[in-house]
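> Taken in sequence, the protein lines are chains A and B. First residue of the first sequence? That's 75 in this note's numbering, and the numbers climb one at a time after it. First residue of the second sequence? That's 75 in this note's numbering, and the numbers climb one at a time after it. C-beta: ideal position from N, C-alpha, C; glycine also. Because the structure is a prediction, the values reported are computed rather than measured.
2 protein chains.
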Amino acid sequence: MVAKTETFSNPPARDKLLDAAIGLMRDRGYNATTVDHICVEAGVTKGAFFHHFKSKEAIAEAAVDEWCRRRVARYTEDLGDPSDDPLARIDRWLDGLIESVREPVERPVCLLGMLSQEMAGSNSRMRTVCQAKLEGWTGLVAQLLDAARRIHAPRRDFDSLQIGWMLNSLWQGSLLVAKTRRDPEVVANNLRHAKAYIGTLFANG
Amino acid sequence: MVAKTETFSNPPARDKLLDAAIGLMRDRGYNATTVDHICVEAGVTKGAFFHHFKSKEAIAEAAVDEWCRRRVARYTEDLGDPSDDPLARIDRWLDGLIESVREPVERPVCLLGMLSQEMAGSNSRMRTVCQAKLEGWTGLVAQLLDAARRIHAPRRDFDSLQIGWMLNSLWQGSLLVAKTRRDPEVVANNLRHAKAYIGTLFANG
DNA sequence: CGAAAAATACCGACCGGTTGGTATGGTAGC
DNA sequence: GCTACCATACCAACCGGTCGGTATTTTTCG
Chain A
75 MVAKTETFSN PPARDKLLDA AIGLMRDRGY NATTVDHICV EAGVTKGAFF HHFKSKEAIA
135 EAAVDEWCRR RVARYTEDLG DPSDDPLARI DRWLDGLIES VREPVERPVC LLGMLSQEMA
195 GSNSRMRTVC QAKLEGWTGL VAQLLDAARR IHAPRRDFDS LQIGWMLNSL WQGSLLVAKT
255 RRDPEVVANN LRHAKAYIGT LFANG
Chain B
75 MVAKTETFSN PPARDKLLDA AIGLMRDRGY NATTVDHICV EAGVTKGAFF HHFKSKEAIA
135 EAAVDEWCRR RVARYTEDLG DPSDDPLARI DRWLDGLIES VREPVERPVC LLGMLSQEMA
195 GSNSRMRTVC QAKLEGWTGL VAQLLDAARR IHAPRRDFDS LQIGWMLNSL WQGSLLVAKT
255 RRDPEVVANN LRHAKAYIGT LFANG
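Okay, structure coming up:
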């Protein structure tokens, strides 16, 4: 939050704890992940944990933050050159999403979706955090769609923010289904339909 | 012991426990819902709980079952006359979904989605249960789409099961987003886009 | 029928293990 | 000697589940 970040003198304990928390909470969720387990996974003791994070909830917040940071970094990479055709960038981005769940190491689980589902109804603080992340992501998509509209003739009017929310919802729901069915392919299929739908919004989609 | 206020009119403790479990787990999820809390909410003791359900996991399974039973009952009602035009039935069904989240009393939360998200990754038994429910629901939608294809000329070929999964995914994701944003309207918007997309599948959509 | 017997429904104190969190002490670098 | 960093021991609350016992309903059988 402060301009002067502590990243330069960061011993690995905090990072290892964050990685462990992300991994465990992605698999089991918040409540089923214990502080002790995070410590074991990170290879540090509880003293280190509560030195770096004031509570379990605090590391969950930090984990969501870090998770979203990494996702955005990947999306930015997938989108490619900002001067390219926005529609092409959206296509590349969706293709990146499809590919990402196909990578064997990368289970089709989103920490943000997991914690939103589990905590939004009972923990107002985490709900707010997740809401902000969700809105940030959707806003990015909406900007891309707006940019596309400025270049391509829209076949019919549409609310880009609404489309953004639809894509976000479809993405989260797809991950849920893919995890439950143990079949990531549903994500690919769903996103293909999403691409087709976006195509119908533009004249030469 | 206090005078029997309602014990005599056979108020099945099991039903009250199930209702309580559904309500609490829909709000807080599985792990954050304690057996004690379910008992208090149901107004029965722990003895009654473990008489009717052999474990906490068992009541979660039963709760999912009962929840899906109720949902299917509602969907069947919304679908209306089976001899009607399948496309009209699908439309009525989607409208029913939109309306359902607008009812103030009915928070936009699906127990099936909640437990799928929370447990599918760590509890293989519950994962299987949820998978079966998800597949049952999707199969129903696919049947409707197949029926529609038999009557209406499809503008282009499509896999009805795949469309079913997309609708299911979009529904679950929409609920997740609606809950996190505290705005059920996103569900309505998303389902409207889904209706539009289904329209593009048929000639006179 | 009616009483004994058995199954069912429910109660609530209790238990062993777990949980998030604390208190305290140590150590390395400035 | 001060601060950042980490280790160990410990705790009070809580959790899922057990258990011995009681009340009520259903079944068995003379």
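Give the straight-line distance between the Cα atoms of Glu80(B) and Glu180(B), rounded to the nearest whole angstrom.
Note that Glu80(B) scores 30 on pLDDT, short of 50, meaning its location in the model is unreliable; the coordinates nonetheless yield the value given after this. About 27 Å.
> In this structure, does DSSP put Pro160(B) in helix, strand or coil?
helix
> What did DSSP end up calling Glu86(A) once you bin it into helix, strand or coil?
Before going on, a small fix: residue 86(A) reads as Pro here, not Glu. If DSSP states are grouped into helix, strand and coil, Pro86(A) belongs with the helices.
> Using the Cβ count rule (16 or more neighbours within 10 Å means buried), how would you classify Ile225(A)?
exposed
> Does the Cβ-Cβ distance between Ser248(B) and Ser243(A) come in under 8 Å?
For the 8 Å CB-CB criterion, Ser248(B) and Ser243(A) form a contact.
> With H, G and I counted as helix, E and B as strand and the rest as coil, what does DSSP make of Phe232(B)?
DSSP places Phe232(B) in coil when its eight states are reduced to three.
> If I measure Cβ to Cβ from Cys113(B) and keep anything under 7 Å in the same chain, skipping five residues before and after, which residues do I get?
Counting only Cβ-Cβ distances below 7 Å, and skipping sequence neighbours, we find Thr119, Lys120, Phe123.
> Per the contact definition of three or more C-beta pairs closer than 8 Å, is the region 250 to 263 of chain A in contact with the region 97 to 105 of chain B?
no
> I'd like to know if the region 260 to 271 of chain A and the region 228 to 245 of chain B are in contact, where contact means that at least 3 CB-CB pairs between them fall below 8 Å.
yes
> Which of the three DSSP states, helix, strand or coil, is assigned to Phe276(B)?
strand
> Any residues in the region 183 to 204 of chain B with a beta carbon nearer than 7 Å to a beta carbon of chain A? Which ones, in chain order?
Listed in sequence order: Val183, Gly187, Met188, Ser190, Gln191, Glu192, Ala194, Gly195, Ser196, Arg201, Cys204.
> At 4 residues or longer, and completely inside the region 137 to 183 of chain B: list those alpha helix (DSSP H) runs for me, N to C.
160 to 176
> If you compare alpha carbons, which of Trp245(A), Gln236(A), Ala262(A), Leu219(A) is closest to Asp159(A)?
Leu219(A)
> Are the CB atoms of Trp245(B) and Leu185(B) nearer to each other than 8 Å?
Contact annotation: Trp245(B) and Leu185(B) have beta-carbon atoms that are not nearer than 8 Å.
> Check whether the Cβ atoms of Arg229(B) and Ala277(B) sit closer than 8 Å, and answer yes or no.
yes
> How far does the alpha helix (DSSP H) with Val281(B) in it reach, from first residue to last?
No information on residue 281(B) is available, as it lies outside the stretch 75 to 279 that chain B covers here.
> With the cut-off set at 8 Å, would you say Glu192(A) and Gln191(B) are in Cβ contact?
yes
> Residues of chain B with CB closer than 8 Å to the CB of His267(A), please, in chain order.
Gln236, Ile237, Met240, Tyr271
> Alpha carbon to alpha carbon, how far is Gly213(B) from Pro156(B)? Give it in angstroms, no decimals.
16 Å
> What's the call for Arg163(A), buried or exposed, on a 16-neighbour Cβ count within 10 Å?
buried
> Any C-beta of chain A sitting closer than 8 Å to the C-beta of Ser243(B)?
yes
> Using a Cβ-Cβ cutoff of 9 Å, what residues of the region 104 to 121 of chain B are near chain A? List them in chain order.
Tyr104, Asn105, Ala106
> If we count the other Cβ atoms within 10 Å of its Cβ and call it buried at 16 or more, is Ser129(A) buried or exposed?
Flag for Ser129(A) reads exposed.
> Less than 8 Å separating the beta-carbons of Arg102(A) and Ser234(B)?
Going by beta carbons, Arg102(A) and Ser234(B) fall outside the 8 Å limit.
> Do Val138(A) and Lys207(A) have their beta-carbon atoms positioned less than 8 Å apart in this structure?
yes
> Grab me the residues of Ala227(A)'s own chain with a C-beta within less than 6 Å of its C-beta, minus the 5 sequence neighbours each way, in chain order.
Ala277
> Tell me which residues share the same chain as Ala136(A) and place their Cβ nearer than 7 Å to its Cβ, disregarding the 5 neighbours each side in the sequence.
For Ala136(A), the CB contacts under 7 Å within the same chain, skipping 5 residues up- and downstream, are Leu92, Phe127 in chain order.
> How many Å lie between Met200(A) and Gly210(A) at the Cα?
15 Å
> Taking only beta-carbon atoms, is Asp220(A) less than 8 Å away from chain B?
no
> Using DSSP with H/G/I as helix, E/B as strand and the rest coil, what is Thr254(A)?
helix
> Using DSSP with H/G/I as helix, E/B as strand and the rest coil, what is Arg202(B)?
According to the sequence displayed, residue 202(B) carries Thr and not Arg. Three-state DSSP puts Thr202(B) in a helix.
> With DSSP as the reference, label Ser129(A) as helix, strand or coil.
coil
> Looking at the structure shown, is Thr119(A) part of a helix, part of a strand, or coil, going by DSSP?
Note: Thr119(A) maps to coil in three-state DSSP.
> Do you know offhand how far Arg176(A)'s Cα is from Arg145(A)'s?
16 Å
> Residues of chain B with a CB under 8 Å from the CB of Asp165(A): which are they?
Here the premise fails: no neighbours, minimum Cβ distance about 17 Å.
> What number of angstroms, rounded off, separates the C-alpha of Phe232(B) from the C-alpha of Asn105(B)?
40 Å
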